[in-house]
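S.K.: What follows is a structure written as structure tokens; I'll ask about it next.
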């Protein structure tokens, strides 16, 4: 339970923060895909720790090695196994915490479930695991490119600093701006405010939350499933499975609850033979199935639990103790979480694309 | 795809709005459960149409009949099949819509996926299907009662009208107030405002959205799974699979993105031998696994798509047409959605409870 | 667990021998299939009890009613639910057995697993459940007909009486002969011997086993999966899931263990542009994936456990008791099991056909 | 599809014969299991190539390295990833075969399915993959030891040479004899005949089939599931998923089809408070669920497809060609398949044990 994502295109993930390596097995990749290894490494670099002054100082090369399922640079249909070695694990930083439950971490809940756990760096609960998702998602994006489907995510808020990005910009332009700054925000002025704020938070040893906006363009109508496996429900689960995520909304989201039906309904019209909608409060999904419009959603990330101030807590013996963390930490995860959101979205869309074959006889 | 929910405790659902019946098969119910049939019917009555002036006028008895898996009033471990007959389907109301795509309904996306569909009353995409979930969820709640786990949902907002319920009230008190008014809101004054508002909306032939709050008390620490099948991710998918849902947040949710780690972290303390947290921004789940605190979340429902004013749309031939709906409709779904939210929460928790057996050797 | 078969094309089955009805939900049927209801009823008639002097005397009409997923005679892609009412259940015949474990039945093992069970007529463990498979399998055969895939099964042995059918006969001819006699054997002389033998066994209140041969023609190369979900492994599981089955072999089977590689290997040759094999000891499957040749296998059925002589056994209290069965019984199941074998084979092949879409990019 | 086995205790397998490594991820292992690494290596040594004069000459150390899910020698509940490096791959032996379809191998069926494949040493279709199963199965056997469940397999025939082992011998004694000879046969005289026969076959460059018998002792009553996921159906699928397997039978098997019910029924009796059966034609499983008696079955292996004589075949261009194999090969797989059969049986039994928790309320 819990280590596999997907039905046809599947990622099974393994590895702990301070073990020798992490990695995963990708199943269901169509054969004959020419793998763009640079693109995968680029996505890993977007996620990797130590990439800028607004991230943790842990240095990991995050170099991925493929050991099966690819022959002469092309997928064969066999499971693709990949390995990412851990280089900069400093387990000694965690020796004090072996028996102490860090507040708002998974230490206690894992202890309650498993009894036995690798506490070093959060072990299995560490967000280091998300590097595996980026690899599988990056290959998924390469499959989607064959279908002209594009996935784009960026930071829409850090704490109270919110961006109102320019709706006249294309995906390409938004991507260019976002990726040109270290918070991945598609507005340079706001980006600079975010960076300053995160720097000050970091110097306080504190952390802050934020939000990521994601849009999926080019998805055909008909993706998804009715009733339980609705496309947005699978996207929601995918996003809520990312470390530190507290909420998910698509289309009109929570604001939509305040609207009237007469305001919210998306009228259809015929645009040169294509059925389109005038507005898109539906977020590109109706009844759980895509309608051909842009699919978009927002993801909420809490402030990182690791902070450097003293905190009251309890140890495994039940003693009240004071904890002072020493491990390196991210002051705000959203800049590094952008490629993770894209990866999880890509996993969902590819899977529904491969499942969507029950055509009319 | 899409008609089954759960891993051990599973519901497979079938039926269309205007077919002879709907129903489902429940698998994985432990044997020896004495079924409280009245409790199930009570939950169905809370969901059924025509129950009050703020719901649709469609009258359905929604009487459930069990035809397998129960012997002498007790579950046997065999699959439990149940049937709910459709009595008040008025298919003629929909004859005009056979080839017209209603805005913000699933008509077009189903058409794009399947080509062939039963358009009457929305067919498979109708929220009538959720009656099946209420049956399976009501039995799930009976299993949870054996483990002293209680699930309580109520309406927390309708449009812009928001309730700030009294935190000193017990679940029992909140339930008593909510269930005593037809909008299922735990504050009588606010409830009356909501009722008046919905009535005015209904008389306009319009609709409005709302939010539901749900809390799960008594769940032990250790439920859930790491990485992909996090407890809150499964709760999120469950909620997002309900018709008209646009968003899900748990614990601090979207507001939490604005907080600092030093404000957000839930410090542990030892309460008479039990590990507890001082605050509960985590929402009872850490690293995807329950920590023994109250699990709580909020669900956003959009305004119902069926409204009685004229709307521009397109038909199957691609012609731009004007649609004037005649079918009966709910002006606001949240009062009837309360037992559905409870049911889906119960399905998730029972399933994780039955899965959570990999005890330490 | 245990009530669902398949991944894309799925049957979820419910019902007990003496409950009001049995039935099931079929998911994954492509939309737009014109359902041939007569063909389904014909297959049910081939399986139904009381069809001839060599079967049980229980009389069931086995009329199937479809209540969802079909609109204007065509599948819609929504789950297809069907109902088969039980008419001739004589539960009183079983009242003596309420607390007695019948030898070689599932009474004790179900009791050990569930504690609580519906003992009447074997309850859930009754082969009556296989009528559900015939319905789902019959629709599956209609899908396969679109792909020119034909499935044919017949009785190849009853006790020691074995048929050596004429290899020069076409499937059509073999089917015509098999279905013209009440044991479903493709050799009339042998069929008569089998009939006489079963009649004598029946008059003794005893039972006998037998074997069924099944062949799948027209399956394209490429169906199946490597490693665990090999096509023949899924066929094997499907057959071993049928009541009373004790063994499965495909291609050269157990006899093949005695052969040398130089005798057993199937040499390839080019037949007018099609790759073919000279012999077919592989049984049409190599490395778990079909190679385009005929897929064939054999299934072993034990003698029915219900016999009318006195037997020593134990009751729920642990007392040694003598049991004298009164229920009606089949002296030999293989004539009625022919459509069940075909149905399970069809479920496997349709499922692999619908899964087999991961084409080369 | 096809690379994962199991529901709770799951193995996901990857790797090709001539890639850098093979391996897998084990999920669902209960936490706190002290891993006996020597026992795992011992099982790998029983399967590894080059172990004796009756096996292939390929030399592989088959040393397994665990890189996650184990901390201080104990399982943590996190996925266990393991790696087995390929050392003695001689890909040049296969360069002639890059475009030639070897008879009775998976070359053509893989080509038909995937288009692109790693042909070296059979790539993904190579039985080298079964080393992964041995690792997962060996850990499964360690879990089963906690429940006093013992799995024992041995060679019961090679070609026409069949062993009639002494029924008075204990599992321990049978294991001691089987493992003391290189064909793993529990009768020394027969073992010697088998060895001589295989040696002569090997010197001819030919191959021969054989059978393996497996028995599972100590399994409690109640394991398994009704209808589709019967215990013996899952065992059957597990065995049929092993390379070169053509048949599976349990209990009375194919011979049982010739018996009368009055001979075949296993009468129950009370043995000091335990319900037992006098005979065991049921093979320890009734209605798909274990009854507490010994579970036993037989598995048929065809002769290995790689032989050294010239064979007619076809290449990817459709030309008729003559193939003369040069790769090293096993003259008979059954001696090395014994630990594979045990491993697959262990995977099935552990999985059903972990699933079997839906106790009576």
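Chains as they are written, first to last, in the working numbering: chain A, 627 to 987; chain B, 627 to 987; chain C, 627 to 987; chain D, 627 to 987. Ideal Cβ positions, reconstructed from N, Cα and C, are used throughout, including at glycine. Treat the numbers as computed from the prediction; the structure is a model and nothing was measured.
1) What does residue 902/B pair with, by DSSP beta-bridge criteria?
2) In the DSSP assignment, the alpha helix (DSSP H) including residue 664/D goes from what residue to what residue?
3) Between residue 956/C and residue 682/C, how many whole angstroms is the CB-CB distance? I'm expecting something under 8 angstroms.
4) Beta carbon of residue 852/B, beta carbon of residue 750/A: below 8 angstroms?
5) Measure the Cβ-Cβ separation of residue 734/D and residue 889/C and say whether it is below 8 angstroms.
6) Over the uninterrupted beta strand (DSSP E) stretch that includes residue 936/A, give me the two end residues.
7) Give the residues from the region 864-893 of chain A that approach chain B closer than 7 angstroms (Cβ to any Cβ), ordered along the chain.
8) Using only CA atoms, which one of 828/B, 861/B, 833/B, 796/B lies nearest to residue 928/B?
9) Could you give the first and the last residue of the continuous beta strand (DSSP E) run that contains residue 789/A?
10) Just to confirm the assignment: which complete alpha helix (DSSP H) runs, minimum length 4, are found wholly within the region 839-923 of chain A?
11) According to DSSP, simplified to helix, strand and coil, what is residue 776/C?
12) Let's test the definition: count the other Cβ atoms within 10 Å of the Cβ of residue 731/C and tell me whether it reaches 16, buried, or not, exposed.
13) Does the distance from the CB of residue 915/B to the CB of residue 775/B come in under 8 angstroms?
14) So, do the region 934-953 of chain B and the region 897-905 of chain B have three or more beta carbon pairs nearer to each other than 8 angstroms?
15) Residue 761/D versus chain C: which residues are under 8 angstroms apart at the beta carbon?
16) Does DSSP put residue 967/A in a helix, a strand or coil?
17) Could you tell me whether the Cβ of residue 754/D comes closer than 8 angstroms to any Cβ of chain A?
18) State yes or no: is the beta carbon of residue 693/A nearer than 8 angstroms to at least one beta carbon in chain D?
19) Which residues in the same chain as residue 657/B place their Cβ atom closer than 8 angstroms to its Cβ, once the five residues preceding and following it in sequence are excluded?
20) For the candidate residues 796/B, 794/B, 805/B, whose alpha-carbon lies nearest to that of residue 780/B?
21) Report yes if the C-beta distance between residue 817/C and residue 811/C is below 8 angstroms; otherwise report no.
22) Mind checking the region 699-713 of chain A against chain D and listing, in chain order, the residues whose C-beta falls within less than 9 angstroms of any C-beta there?
23) Between residue 637/D and residue 813/A, what straight-line distance do the alpha-carbon atoms span, to the nearest angstrom?
24) Check the Cβ of residue 660/D against every Cβ in chain A and list those closer than 9 angstroms, keeping chain order.
25) Where does residue 874/C land, buried or exposed, given buried means 16+ other C-beta within 10 angstroms?
26) Sort 858/C, 821/C, 876/C, 849/C by Cα distance to residue 958/C and report the nearest one.
27) If you count every other CB in all the chains shown that lies within 10 Å of the CB of residue 837/A, and 16 or more means buried, which is it?
28) Name the chain B residues whose beta carbon is nearer than 9 angstroms to that of residue 733/C?
29) Counting contacts by CB-CB distance shorter than 8 angstroms, is residue 823/C in contact with chain D?
30) Counting contacts by CB-CB distance shorter than 8 angstroms, is residue 984/D in contact with chain B?
31) Kindly give me the distance between the Cβ atoms of residue 639/D and residue 629/D, rounded to whole angstroms, as I take these residues to be in contact under 8 angstroms.
32) Under 8 angstroms between the Cβ atoms of residue 869/B and residue 753/B?
33) Helix or strand or just coil, what does DSSP make of residue 732/C?
34) With C-beta atoms as the reference, is residue 794/A less than 8 angstroms away from residue 944/B?
35) State buried or exposed for residue 669/A, treating a residue as buried only when at least 16 other CB atoms are found within 10 Å of its CB.
36) Please classify residue 740/B: does DSSP put it in a helix, a strand, or coil?
M.R.: If we stick to the structure as given:
1) 895/B
2) 663-673
3) 5 angstroms
4) yes
5) no
6) 936-940
7) 866, 867, 872, 873, 874, 875, 876, 877, 878, 879, 880, 882, 883, 884, 885, 886, 887, 888, 890, 891, 892, 893
8) 833/B
9) Where residue 789/A is concerned, there is no enclosing beta strand (DSSP E), given that its DSSP letter is neither H nor E.
10) 857-866, 887-890
11) strand
12) buried
13) no
14) no
15) Near residue 761/D there are no residues of chain C at all, since even the closest Cβ is about 15 angstroms away, more than 8 angstroms.
16) helix
17) no
18) yes
19) 700, 701, 702, 703
20) 805/B
21) yes
22) 700, 701, 702, 703, 704, 705, 706, 707, 709
23) 46 angstroms
24) Residues of chain A passing the Cβ test: none, with the nearest at roughly 10 angstroms.
25) buried
26) 821/C
27) buried
28) The premise fails here: residue 733/C is roughly 13 angstroms from chain B at the closest Cβ pair, so nothing lies under 9 angstroms.
29) no
30) Any reading at residue 984/D must be qualified, since the residue scores a pLDDT of 49, below 50, and its modelled position is unreliable; no value is offered.
31) 5 angstroms
32) yes
33) coil
34) no
35) buried
36) helix
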